[in-house]
Amino acid sequence: MKETYETQKHMLSSIEYSKHSWNICADLKVIAVLVGLQASYTKFFCFLCQWEYRDRKKVLHKKVWPKRQFLIPGAKNEEKEPIVASEKKFLPPLHIKLGLMKNFVKAMDCGGNGFQYLRLKFPKVSETKIKEGIFVGPQFRQLMKDPVFESKLTKKEAAARISFKELEKNFFGNLRQIVNNFLKGLQHHGMQHVIENPFLAFLLRILPCKPWISKRRAW
67 MKETYETQKH MLSSIEYSKH SWNICADLKV IAVLVGLQAS YTKFFCFLCQ
117 WEYRDRKKVL HKKVWPKRQF LIPGAKNEEK EPIVASEKKF LPPLHIKLGL
167 MKNFVKAMDC GGNGFQYLRL KFPKVSETKI KEGIFVGPQF RQLMKDPVFE
217 SKLTKKEAAA RISFKELEKN FFGNLRQIVN NFLKGLQHHG MQHVIENPFL
267 AFLLRILPCK PWISKRRAW
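This is the structure:
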């Protein structure tokens, strides 16, 4: 089944979603379909706020963007009526981590020891996928526990990875300071495109200053 607006609407109708209003955990592509966002050439692609991706000057300096109050077809790249309410949708933890890992690897020095080690670590993964930082869950977990990989990184890369490990261990939901430390580590690593991410900025606005305990695993 293709991930289109029509197929998703039909599927939710078949299971009588309107009667139950369950929370839905999905990746960004599916969430975009569920809220009726335009599929390509999108200026406002964030379903949480009115983040203007193409306005590079604002992106570099503006940290707080207005929340999407209403999803109206024809406005802010909204093509169709939302199928599911925004507060009912969640991003999978592993999906977020793999996305951050992708940006981390793409910012690495391709000629450095750390990047060369990735080639040796995953010989069956294509050169293109490694350069793009495309990994799956088991590979991600291997790298997070690999001391050899850490020893091959530069000082800036290692500092960013330490912050990443702290974030991966505690995940986002427990402490605002963890996310702040992670962003600072990425900034030193030269990952400005991650610093600009509206989802991380949104998390900083809603996370508590003190940690809370959750019995649910991040995986």
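Residue 211 in the numbering used here sits at position 145 of the sequence shown; the count goes up by one each step and never skips. No residue lacks a Cβ here, since even glycine has one placed at the ideal position from N, Cα and C. Predicted model, so just to flag it, every value in this text is computed and none were measured.
Between residue i and the ligand SAM, is there a pair consisting of the residue's CB and a ligand heavy atom that are separated by less than 7 Å?
i, result
"K75", "The ligand SAM is absent from the structure shown, which contains no ligands of any kind."
Cutting at 7 Å between CB atoms, please list the residues of its own chain near residue i, excluding the five before and the five after it.
i, result
"C91", "F156 and P158"
"N89", "K154 and F156"
"K172", "E198 and G199"
"M174", "G180, F181 and E223"
"R227", "E216 and L219"
If we ignore side chains and look at the alpha-carbon of each, how far apart do residue i and residue j end up?
i, j, result
"F201", "G180", "15 Å"
"G58", "L233", "An answer regarding residue 58 cannot be provided, because it is not within the stretch 67 to 285 covered by the chain."
"Q74", "K190", "35 Å"
"L160", "L94", "13 Å"
"H86", "L78", "10 Å"
"G178", "E82", "53 Å"
"S217", "I162", "25 Å"
"E72", "P139", "16 Å"
"Q104", "V150", "16 Å"
"T220", "P213", "14 Å"
"Q182", "C176", "7 Å"
"S229", "K187", "22 Å"
"H76", "M67", "11 Å"
"H259", "S84", "Legend: pLDDT at H259 = 48, less than 50; position of this residue unreliable, value from coordinates given subsequently. The alpha-carbon atoms of H259 and S84 are separated by roughly 38 Å."
"K222", "R207", "21 Å"
"P204", "S80", "34 Å"
Give me, in chain order, the residues of the same chain whose beta-carbon lies closer than 8 Å to that of residue i; leave out the 5 immediate sequence neighbours on both sides.
i, result
"K168", "E198, G199, I200 and F201"
"E193", "R185"
"K153", "As written in the sequence, residue 153 is Glu, which differs from the Lys given in the question. There are no such residues."
How many whole angstroms separate the CB atoms of residue i and residue j, which I take to be in contact at a CB cut-off of 8 Å?
i, j, result
"M210", "K231", "6 Å"
"P148", "V96", "13 Å between Cβ atoms; not a contact."
"V99", "E145", "Contact flag wrong, Cβ pair sits at about 10 Å."
What residue does the alpha helix (DSSP H) around residue i start on, and which one ends it?
i, result
"A98", "L94 to L100"
"Q182", "N179 to K187"
"L157", "Per DSSP, L157 belongs to no alpha helix (DSSP H) and is neither H nor E."
"V150", "Premise fails: V150 is in no alpha helix (DSSP H) and is neither H nor E."
"Q205", "G203 to M210"
"Q74", "Y71 to S80"
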